[in-house]
Ligand code: F6R
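Numbering (the numbering used here), first residue to last: 1 to 256.
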């Protein structure tokens with residue numbers, strides 16, 4: 001895992017944006033996996049400000065709430081259009097976000113997996129991390145081999161996400177999320193973590209054992225996993241000085 005620690009979340013998001021921009025320039029028809037929530041906001045802001053051509057890019061979002069109308073301000077459909085898609089030249093038909101109102105949700109999930117496969121697979125997946133270690137909405141004890149499916153949010157995630165809805169009661173309990181197996185098939189994973197409230201889950205994910213109790217820890221098994229974080233999220237790492245040294249002294253020939 002490549003761990004890139006920056007002073008601020010804006011600086012960390014800037015590194016992540018440059019990684020994505022590099023991919024889009026090299027591969028204009030890249031397939032991106034995208035995340036929502038507060039973490040990717042500075043990344044999307046930075047990407048919007050770059051001179052990038054999104055006309056050939058395909059995207060697949062990680063997750064969506066079940067039962068929330070698509071137009072609801074807190075649906076991940078609304079989030080993605082407001083914070084990224086409205087501002088770039090992506091083709092609407094290339095955008096994929098799980099349909100939390102599908103009549104046959106298990107059928108939809110199988111179809112979503114097929115679409116990812118038929119697109120050639122995800123080149124780069126953007127991830128955030130929950131305070132409980134979730135990636136996507138794969139909550140603790142999710143199968144490490146799981147595919148896109150329905151999950152039930154933990155009380156901790158409901159409490160964390162109440163800030164978007166105003167109260168815990170208004171946070172939907174169920175979601176569709178790409179599985180951990182799905183995420184692990186992306187050719188590259190790019191995780192962002194900002195703030196001290198992520199420090200414990202992040203340190204356990206990177207320096208603890210691989211365990212479904214901290215789903216993000218599976219990224220230790222991924223051949224190309226990069227993490228961009230700020231000082232707050234890095235504050236519980238045991239080996240932070242080593243990671244800083246590695247990044248500051250990265251040879252120019254080292255592409256990964
Ligand atoms: C969102 C997602 C989640 C979030 C995580 C962190 O699409 O998949 O895993 O990345 O809950 O949320 P924030 O960024 O709001 O702290």
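Glycine residues also receive a C-beta, built at the ideal position from the N, C-alpha and C atoms.
query	result
The stretch 125-132 contacting the stretch 188-204, beta-carbon criterion three pairs below 8 Å	yes
Stretch pair the stretch 176-186 + the stretch 203-221: three plus CB contacts closer than 8 Å	yes
Distance CB(residue 50)-CB(residue 30) smaller than 8 Å	no
Contact under 8 Å by Cβ, residue 192 with residue 12	yes
Cβ-heavy atom distance, residue 21 to the ligand F6R, below 7 Å	no
Touching by the beta-carbon criterion (3+ pairs, under 8 Å), the stretch 117-124 and the stretch 41-57	no
Backbone secondary structure at residue 7 - three-state DSSP	coil
Whether residue 160 touches residue 9 by CB criterion (8 Å)	no
Exposed unless 16 or more other CB atoms sit within 10 angstroms - verdict on residue 179	buried
Buried versus exposed call for residue 77 [16 or more other C-beta atoms within 10 Å across all chains shown]	buried
Any non-hydrogen atom of the ligand F6R within 7 Å of residue 33 CB	no
Runs of beta strand (DSSP E) wholly within the stretch 164-203 (minimum 3 residues, chain order)	174-177 and 188-193
Residue environment, residue 242, which counts as buried when at least 16 other CB atoms sit within 10 Å	exposed
Any non-hydrogen atom of the ligand F6R closer than 7 Å to residue 166 Cβ	no
Integer-rounded CB distance, given that residue 237 should sit under 8 Å from residue 196	With 8 Å as the limit, residue 196 and residue 237 do not qualify as a contact, their Cβ atoms being about 12 Å apart.
Cα-Cα separation between residue 170 and residue 162, rounded to whole angstroms	7 Å
Beta-bridge pairing of residue 149 - partner residues as DSSP gives them	177
Rounded straight-line distance, which links the Cα of residue 83 to that of residue 123	21 Å
Residue interval of the alpha helix (DSSP H) (run including residue 64)	Run containing residue 64: none in the alpha helix (DSSP H); it sits in the beta strand (DSSP E), 63-65.
Limits of the beta strand (DSSP E) - the one that residue 102 falls within	From DSSP, residue 102 is part of no beta strand (DSSP E); its letter is neither H nor E.
Simplified DSSP assignment, three categories, for residue 135	strand
Proximity winner among 33, 56, 25 and 166, relative to residue 177 (alpha-carbon distances)	33
Residue 124 Cβ short of 7 Å to the ligand F6R heavy atom set	no
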